[in-house]
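Numbering (the UniProt record's numbering), first residue to last: 1 to 207.
Single-structure report; data block below.
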Ligand code: ADP
Ligand code: MG
Ligand code: MG
């Protein structure tokens, strides 16, 4: 990944989140407080504006600034969590061009920071349920010798699968957990936005 691809990724996420804003909010209205789409639309729009003007010298600068913008603009539980993840990605990629192995490690660092901050485990019906399988798929395909675009494609597919698999789960973290068994039968909003984030990566990597 180079600086232009990092910038394109953030901008593609902003476009995707804008397009799916109502859907994300709808999902959050079933098991939360109906703000996930508006939260993320605000956050990623702010991040996209910041990186568009940024005179970055490293991939990390783009992603770290994205994380900072998310923390200050998003709101909700998801803002600090995605913010921490992008800041961790950025911190791991302090280079003008990151090779695939470094990017895989950065994704893992992003996941670790979400885990640390939110203390959710796989199966708790959160963004982790899409993020963790995406990282595993990216790592696995990279190990098998596939290129960046193919690995990103596999990561996006795995994130979407993980997203769908949240539906039968009972939430154990975040606002949805207050509903107990009533959270069962609804797709998690954060897992859904994570799937958008990885699909955006696959799209820009394929372009
Ligand atoms: P809020 O619940 O504060 O309104 P959002 O609606 O923006 O925040 O985001 C909700 C999403 O955040 C959930 O669908 C879930 O995926 C994710 N989430 C909430 N709490 C946690 C947590 N502790 N760890 C990981 N993800 C979480
Ligand atoms: Mg919400
Ligand atoms: Mg909220």
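Just so it is clear, CB atoms sit at the ideal spot from N, CA and C, and this is done for glycine as well.
Residue of the options minimising C-alpha distance to residue i
| i | options | result |
| --- | --- | --- |
| residue 166 | 133, 139 and 197 | 133 |
| residue 40 | 51, 101 and 80 | 80 |
| residue 32 | 180, 206 and 200 | 180 |
| residue 126 | 93, 69, 186 and 91 | 186 |
| residue 241 | 184, 34, 5 and 73 | Given that the chain is displayed from residue 1 to residue 207, the structure contains no residue 241 and the question cannot be resolved. |
| residue 8 | 111, 20, 44 and 27 | 44 |
Close-in-space but distant-in-sequence residues of the same chain around residue i (CB under 6 Å, 5 per side omitted)
| i | result |
| --- | --- |
| residue 208 | The chain is shown from 1 up to 207; residue 208 falls before or after that span and cannot be answered. |
| residue 206 | 149 |
Buried or exposed (CB count within 10 angstroms, at least 16 for buried), residue i
| i | result |
| --- | --- |
| residue 76 | buried |
| residue 124 | buried |
| residue 139 | buried |
| residue 153 | buried |
| residue 115 | buried |
Secondary structure of residue i, DSSP reduced to three states
| i | result |
| --- | --- |
| residue 97 | strand |
| residue 4 | helix |
| residue 164 | helix |
| residue 75 | coil |
| residue 120 | coil |
Residues near residue i in its chain [Cβ-Cβ closer than 7 Å; skip 5 each side]
| i | result |
| --- | --- |
| residue 56 | 3 and 62 |
| residue 192 | 24, 27 and 163 |
Beta-carbon proximity check, residue i vs residue j, cutoff 8 Å
| i | j | result |
| --- | --- | --- |
| residue 1 | residue 103 | yes |
| residue 137 | residue 100 | no |
| residue 89 | residue 109 | yes |
| residue 25 | residue 38 | yes |
| residue 277 | residue 66 | Any property of residue 277 remains undetermined from this structure, which presents the chain solely from 1 to 207. |
| residue 47 | residue 14 | yes |
Proximal residues to residue i (C-beta, below 8 Å), its chain only, five neighbours per side dropped
| i | result |
| --- | --- |
| residue 52 | 7 and 11 |
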